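Beneath this line is the structure, given in structure tokens, with notes to follow.
Protein chains: 2
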Amino acid sequence: MDVYEKIYAKNEEMAKVLSEDLRDKKILCVNVLGSPGAGKTKSLIQIIKGLEFENYVIEGDIEGDIDTVKLQELGIKVTQIDTHNACHLDSPQIVDALKDFELEEGIVFIENIGNLICPAEFKIGEHLIMLVTAVTDGSDKPYKYPLAFQKANIILVNKTDLQPYTDFDAEFFTKGVRYNNKTAPIFYVNAKTGEGFEDVRSFLVDFYQEFTKE
Amino acid sequence: MDVYEKIYAKNEEMAKVLSEDLRDKKILCVNVLGSPGAGKTKSLIQIIKGLEFENYVIEGDIEGDIDTVKLQELGIKVTQIDTHNACHLDSPQIVDALKDFELEEGIVFIENIGNLICPAEFKIGEHLIMLVTAVTDGSDKPYKYPLAFQKANIILVNKTDLQPYTDFDAEFFTKGVRYNNKTAPIFYVNAKTGEGFEDVRSFLVDFYQEFTKE
């Protein structure tokens with residue numbers, strides 16, 4: 001094993017332990033991926049404000065606390081990880097950040113670094129990967145970033161209000177998603193207005209019930 | 001020096017040699033950065049179609065040749081690098097890719113991987129970094145991805161046609177850019193219609209003249 005493989009293996013092992021530990025405590029961990037500006041934070045706000053769970057957010061950022069402040073102002077329990085130019089979060093960072101909460105049964109959302117590549121490669125203890133993309137990002141994204149779309153368990157296509165002004169082709173997009181991923185549901189949403197988020201929340205509620213069943 | 005530092009140092013060294021070699025041959029090398037879907041390829045098409053140089057494009061992609069085919073169909077000299085999940089291009093890849101061209105005096109544009117983080121950290125022989133962002137990406141990007149904005153020599157803000165439908169705040173954006181970067185000019189463009197690209201081309205022509213002055 002070379003040095004890269006060792007780091008990777010160590011992260012994977014820690015992610016597995018963390019994921020099992022959270023499951024035992026009935027805490028669902030959602031890893032939120034997306035490119036810069038796709039609307040990850042705004043989507044989280046829409047999801048959380050209608051979700052009757054204890055919700056926690058870990059904000060991953062290169063630098064700055066713009067999103068953390070936004071969430072705090074809404075009374076959402078949030079803590080921040082600054083990666084200082086690292087392009088993804090890793091499991092040790094998550095284990096550390098979780099110490100900032102007194103966790104009860106519920107959902108931890110982790111907003112990963114805005115990047116469709118590296119975050120898809122590193123597990124961070126999640127039970128679910130939520131990918132946020134936007135119609136303004138273009139319908140070719142599943143073809144260009146296949147790993148992120150392959151690993152996603154749920155896909156949000158944001159900024160539907162801008163669809164009439166773009167050349168976003170939903171059929172081409174879905175075809176690209178399905179080439180990589182047969183099962184992840186695709187939800188068209190507008191994080192500005194909240195449109196479409198009811199279905200996202202229903203999906204999460206159902207998933208949580210299944211997740212805590214036994 | 002640990003293993004990471006060694007790889008990084010080797011890349012930097014190779015970038016320096018490549019950059020000098022290209023300069024001797026009066027070939028300007030432009031490293032094009034931007035997040036997924038910001039409009040890097042479309043911007044390149046607009047730039048190149050009005051630019052009276054020998055132009056070459058190296059397309060960096062995780063996977064797939066969608067953008068390369070687009071450029072080929074327009075008669076643009078293009079070659080492709082597939083990084084297979086690596087999040088940035090590096091100098092050895094560029095040295096290899098350049099062998100696909102019979103280079104004459106002119107401009108090589110390198111479309112880096114769609115990512116605002118890693119590509120900003122690795123030199124690839126460029127003399128100029130062009131950063132492409134879009135109004136739909138949000139005006140907070142310079143605050144969240146400071147390194148990319150700090151290193152940019154020229155900044156394009158694309159999709160101006162969508163500005164009325166977004167909350168993009170040009171003043172806040174400029175403030176964020178200037179916090180990191182005092183000099184890079186900011187051009188508002190629309191790669192769909194070509195609006196604003198005349199100024200971008202003028203900048204490149206002037207830069208090239210200065211560059212080849214000796």
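As given, the protein sequences belong to chains Z and D, one line each in that order.
Under our numbering, the first residue of the first sequence carries the number 1, and numbering increases by one thereafter.
Under our numbering, the first residue of the second sequence carries the number 1, and numbering increases by one thereafter.
C-beta atoms are modelled at their ideal positions from N, C-alpha and C, and glycine is treated no differently.
Because the structure is a prediction, the values reported are computed rather than measured.
Residue i versus the options, residue with shortest Cα-Cα distance
i: ASP67(D); options: TYR143(D), ILE113(D), ILE7(D); result: ILE113(D)
i: ASN55(D); options: LYS42(D), CYS29(D), ILE62(D), ALA38(D); result: CYS29(D)
i: LEU204(Z); options: ALA9(Z), ILE27(Z), ILE7(Z); result: ILE27(Z)
i: ASP140(Z); options: HIS127(Z), PHE172(Z), ALA148(Z), PHE122(Z); result: PHE172(Z)
i: GLN93(D); options: PHE101(D), GLU102(D), ASP82(D); result: ASP82(D)
i: GLU59(Z); options: LEU51(Z), ILE48(Z), THR41(Z), TYR145(Z); result: THR41(Z)
i: ILE7(Z); options: VAL3(D), ALA9(D), TYR8(D), ALA15(D); result: VAL3(D)
i: LYS123(Z); options: ASP90(Z), PHE101(Z), LEU103(Z); result: ASP90(Z)
i: LEU74(D); options: LYS99(D), ILE47(D), CYS87(D), ILE62(D); result: ILE47(D)
i: VAL189(D); options: PHE149(D), HIS127(D), LEU131(D), ARG178(D); result: LEU131(D)
i: GLY125(D); options: ILE110(D), ASN115(D), ALA134(D); result: ILE110(D)
i: TYR165(Z); options: THR136(Z), ALA191(Z), THR212(Z), ILE76(Z); result: THR136(Z)
i: ASN153(Z); options: ALA184(Z), PHE101(Z), ALA9(Z); result: ALA184(Z)
i: VAL95(D); options: GLU13(D), GLY106(D), ASP161(D); result: GLU13(D)
i: GLU105(Z); options: LYS192(Z), ASN11(Z), PHE207(Z), ARG23(Z); result: ARG23(Z)
i: ALA38(Z); options: ASN158(Z), LEU162(Z), GLY64(Z); result: ASN158(Z)
i: SER43(Z); options: ALA86(Z), HIS84(Z), LYS77(Z), THR133(Z); result: THR133(Z)
i: GLY138(Z); options: ILE155(Z), GLN163(Z), HIS127(Z), LEU147(Z); result: GLN163(Z)
i: LYS99(D); options: PHE53(D), VAL78(D), ALA86(D); result: VAL78(D)
i: LEU156(Z); options: ASN85(Z), PHE53(Z), VAL69(Z), GLY194(Z); result: GLY194(Z)
i: LEU103(Z); options: ASP199(Z), ALA15(Z), ALA191(Z), LYS25(Z); result: LYS25(Z)
i: VAL177(Z); options: PRO146(Z), GLU198(Z), PHE207(Z); result: PRO146(Z)
i: ALA191(D); options: GLU5(D), LYS10(D), ILE45(D); result: ILE45(D)
i: LYS49(D); options: GLN209(D), GLU210(D), VAL200(D), TYR208(D); result: VAL200(D)
i: PHE211(Z); options: HIS127(Z), ASP21(Z), ASP61(Z); result: HIS127(Z)
Contact set between residue i and chain Z, taken where Cβ atoms lie within less than 9 Å
i: LYS3(D); result: Per the sequence shown, residue 3(D) should be read as Val rather than Lys. The answer, in chain order, is ASP2, VAL3, TYR4.
Amino acids of chain D, ordered along the chain, whose beta-carbon sits closer than 9 Å to that of residue i
i: GLU63(Z); result: TYR143, LYS144, TYR145, PRO146, LEU147
Closer than 7 Å to chain D by CB, residue i
i: GLY194(Z); result: no
i: TYR165(Z); result: yes
i: LEU116(Z); result: yes
i: ILE66(Z); result: yes
i: LEU162(Z); result: yes
Beta-carbon neighbours of residue i, restricted to chain Z and to distances below 8 Å
i: THR174(D); result: Result: empty, since nearest Cβ-Cβ is about 16 Å, beyond 8 Å.
i: THR212(D); result: Going along chain Z, no residue has its Cβ under 8 Å from THR212(D), so there is no contact; the nearest lies around 34 Å.
i: CYS87(D); result: CYS87, ASN115, ILE117, CYS118
Cβ separation of residue i and residue j, assumed to be a contact under 8 Å, to the nearest whole Å
i: ILE129(Z); j: ASN31(Z); result: 5 Å
i: LEU33(Z); j: ALA97(Z); result: 17 Å between Cβ atoms; not a contact.
i: PRO36(Z); j: LEU116(D); result: 5 Å
i: GLY196(D); j: THR160(D); result: 7 Å
i: HIS84(Z); j: GLU63(Z); result: 7 Å
CB contact below 7 Å: residue i versus chain Z
i: SER35(D); result: yes
i: ILE186(D); result: no
i: ASP140(D); result: yes
i: LEU28(D); result: no
i: LEU103(D); result: no
Under 7 Å by beta carbon: chain D residues contacting residue i
i: ASP137(Z); result: PRO36, GLY37
i: GLU111(Z); result: Here the premise fails: no neighbours, minimum Cβ distance about 12 Å.
i: GLU121(Z); result: ASN85
Proximal chain D residues relative to residue i, where beta-carbon distance stays under 8 Å
i: LYS159(Z); result: THR136
Exercise. Entirely within the region 1-76 of chain Z and at least 4 residues each: give me those alpha helix (DSSP H) ranges in chain order.
Key: Runs of the alpha helix (DSSP H) inside the region 1-76 of chain Z: 3-24, 40-49, 66-73.
Quiz item: In chain order, which continuous runs of the alpha helix (DSSP H) of length 4 or greater are located wholly inside the region 121-185 of chain Z?
Solution: 141-144, 146-151, 170-180
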